[in-house]
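For what it's worth, the working numbering labels the leading residue of the first sequence as 2, then goes sequentially.
Okay, structure first, notes after.
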Amino acid sequence: MDFIDFAAPSHLVAPQLIGCQFFVNNVGGVIVEVEAYDQAEPASHTFSGPSLRNAAMFGPPGCAYVYRSYGIHWCLNFVCSPADHGAGVLIRAIEPTAGIENMRERRGGIINERLLCSGPGRVGQALAIGPHLNGASLAASPFKLLPPQAPVRWIQGPRVGISKAVDLPWRFGALDSPFLSRPFRH
DNA sequence: GCGACGATTGGCT
DNA sequence: GCCAATCGTCGCC
2 MDFIDFAAPS HLVAPQLIGC QFFVNNVGGV IVEVEAYDQA EPASHTFSGP
52 SLRNAAMFGP PGCAYVYRSY GIHWCLNFVC SPADHGAGVL IRAIEPTAGI
102 ENMRERRGGI INERLLCSGP GRVGQALAIG PHLNGASLAA SPFKLLPPQA
152 PVRWIQGPRV GISKAVDLPW RFGALDSPFL SRPFRH
């Protein structure tokens, strides 16, 4: 995973992740949608400084930050920027390519491949993300992150489901991918 | 100590 | 399109 400099600002790392292959225990696929977050911006979990929950985001870059969303879902971020900066990239959607049967079972027998990993909560469930992975290095097992196999066309727009800093266009996605959690306006 | 509110999803009208 | 599910975190009394 040294083909990406995770010590860079999250909004510069985010588009580089589009098209990358990502696996947890060899289950996963192509990253098609992400969002960047930064301590300087009020929609981020790190806006109010370090806490027990967001500690991993203030740790070394290139690690995972896992949090519970709405008391129900586990969501995965890649920590960015120098340690103590409090920034990261939320993985919002993946095009499934490996371990599809495994993902189907975890997702409750869902048949439509488009619905397996199209949303941060769905990615967490399909890849079996949990608190045991919070703070773990993306360079080691069970993670595997590989560069894009082909040139990537990406698009950016407003982030989803937030009420602050709504004008920041920090959601990034693969152009016209059918596996996005929702389409981009263009 | 208490209460409001999510970086969401799935089911129902 | 609307709303319940579900619970940890954080702000405020």
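Ideal Cβ positions, reconstructed from N, Cα and C, are used throughout, including at glycine.
Runs of beta strand (DSSP E) wholly within the segment 129-169 (minimum 3 residues, chain order)
The segment 129-169 contains these whole beta strand (DSSP E) runs: 144-147 and 155-158.
For M58 and F24, I'd like the C-alpha separation in whole angstroms.
Cα to Cα, M58 sits roughly 21 Å from F24.
Does R54 come out as helix, strand or coil in the three-state DSSP assignment?
Coil, per DSSP.
Beta strand (DSSP E) runs contained entirely in the segment 42-112, provided each spans 3 or more residues
Listed in chain order, the complete beta strand (DSSP E) runs (minimum 3 residues) inside the segment 42-112 are 65-70, 74-81 and 88-99.
Could you check which residue in A84, G87, A94 and D85 has the C-alpha nearest to that of L77?
For L77, the nearest C-alpha among the options comes from A94.
For the segment 39-46 against the segment 104-122, do three or more pairs of beta-carbon atoms, one drawn from each stretch, fall closer than 8 Å, so that the two count as touching?
Taking 8 Å as the limit for Cβ pairs, the verdict is that the segment 104-122 does not touch the segment 39-46.
Is it true that the segment 12-26 meets the segment 164-180, where meeting means three or more beta-carbon pairs spaced less than 8 Å apart?
Between the segment 12-26 and the segment 164-180 there are three or more C-beta pairs closer than 8 Å, enough to call the two in contact.
To the nearest whole angstrom, what separates the beta carbons of W75 and I130, a pair I think is in contact under 8 Å?
Confirmed, Cβ separation roughly 5 Å.
Going by C-alpha distance, which of F7, D3, S142 and V35 is nearest L155?
The residue asked about is misnamed: residue 155 is Trp in this sequence, not Leu. The option with the nearest alpha carbon to W155 is V35.
Go to R183, then tell me how far its alpha helix (DSSP H) extends in each direction, as first and last residue.
Neither: R183 is in no alpha helix (DSSP H) and is coded neither H nor E.
Close-in-space but distant-in-sequence residues of the same chain around L134 (CB under 6 Å, 5 per side omitted):
Once the five neighbours on either side are set aside, the close Cβ partners of L134 are A65 and V67.
Can you name the start and end residues of the alpha helix (DSSP H) that G122 belongs to?
Taken as a continuous stretch (DSSP letters only), the alpha helix (DSSP H) holding G122 covers P121 to A127.
For S119, does the count of other Cβ atoms within 10 angstroms reach 16, so buried, or fall short, so exposed?
By the C-beta density criterion, S119 is buried, having at least 16 other C-beta atoms within 10 angstroms.
Using DSSP with H/G/I as helix, E/B as strand and the rest coil, what is A15?
If DSSP states are grouped into helix, strand and coil, A15 belongs with the helices.
Cβ-based neighbour list, S11, same chain, cut-off 7 Å, excluding 5 preceding and 5 following
Once the five neighbours on either side are set aside, the close Cβ partners of S11 are A37, Y38, D39, C81, S82, A88, G89 and V90.
Hey, how far is the Cα of R69 from the Cα of G100?
Going by the C-alpha atoms only, they are around 24 Å apart.
Under a Cβ-count criterion, where at least 16 other Cβ atoms within 10 Å of its own Cβ denotes burial, should N26 be classed as buried or exposed?
Exposed is the label assigned to N26, since fewer than 16 other Cβ atoms lie within 10 Å of its Cβ.
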